[in-house]
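Residue numbers (the numbering used here): 1 to 175.
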């Protein structure tokens with residue numbers, strides 16, 4: 001409650017926004033996604049800052065220099081990033097282009113970065129590196145992540161939160 005956050009775009013972002021509308025009363029959300037905006041506006045006490053700029057109709061989100069300049073004027077407590085791939089060796093990555101620029105900008109203005117990726121995205125690599133793996137980031141995935149990968153991440157000091165249907169493995173579903 002009361003946080004100031006930034007939310008990336010994509011299908012997982014939509015699910016996060018739906019959960020936010022169900023569970024939170026007061027937030028301020030920075031986003032460049034029209035889909036996120038349309039979900040979050042259902043809750044009147046959620047303040048939304050919609051980042052403008054060039055419009056990507058396929059992703060239903062804004063991007064470009066104007067977007068990046070606008071993002072740089074803000075500070076958020078947490079950002080939620082949905083990358084295409086997460087790898088101990090190659091870091092957090094996406095397929096490049098304008099969406100990667102927005103993701104990187106969110107990480108630069110946030111006190112805390114939360115990486116949400118389904119288990120199929122772990123130990124994969126995509127074209128453009130967004131960030132190295134950082135122990136300070138929070139990594140959230142699903143129960144499908146093989147135990148061998150969980151163990152490897154733990155050995156490297158990376159904590160994973162495993163999301164079950166309706167909450168995390170430890171029963172704590174508010175972050």
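C-beta: ideal position from N, C-alpha, C; glycine also.
Run through DSSP, which three-state label would residue 9 get?
Note: residue 9 maps to coil in three-state DSSP.
Is it a yes or a no for the segment 91-108 touching the segment 127-134, going by three-plus beta-carbon pairs under 8 Å?
Yes: the two stretches touch, three or more of their Cβ pairs being nearer than 8 Å.
Check residue 25 in the structure and name its three-state DSSP category.
When secondary structure is reduced to three states using DSSP, residue 25 falls in the coil class, being assigned neither helix nor strand.
Given 8 Å as the limit, is there contact between the segment 105-122 and the segment 76-90, that is, 3 or more CB pairs closer than that?
By the Cβ rule, the segment 105-122 counts as touching the segment 76-90, because three or more pairs are nearer than 8 Å.
Own chain residues within Cβ distance below 6 Å of residue 25, not counting five before or after:
Hits under 6 Å: 45.
I want to see whether chain B comes within less than 8 Å of residue 138, judged by CB atoms only; does it?
Absence of chain B from the displayed structure is noted, only one protein chain being present.
Have a look at residue 56 and residue 14 and give me their C-alpha separation to the nearest angstrom.
Put simply, the backbone Cα of residue 56 is about 17 Å away from that of residue 14.
Start-to-end residues for the beta strand (DSSP E) that takes in residue 164:
Counting along the chain, the beta strand (DSSP E) containing residue 164 begins and ends at 160-164.
In the DSSP assignment, find the beta strand (DSSP E) that holds residue 139 and state where it starts and stops.
That run of the beta strand (DSSP E) goes 138-142.
Residue 172 to residue 145 span [Cα, whole Å]:
With a pLDDT of 40 at residue 172, under the threshold of 50, the modelled position of this residue cannot be trusted; read the value that follows with caution. So the two alpha carbons sit approximately 19 Å from each other.
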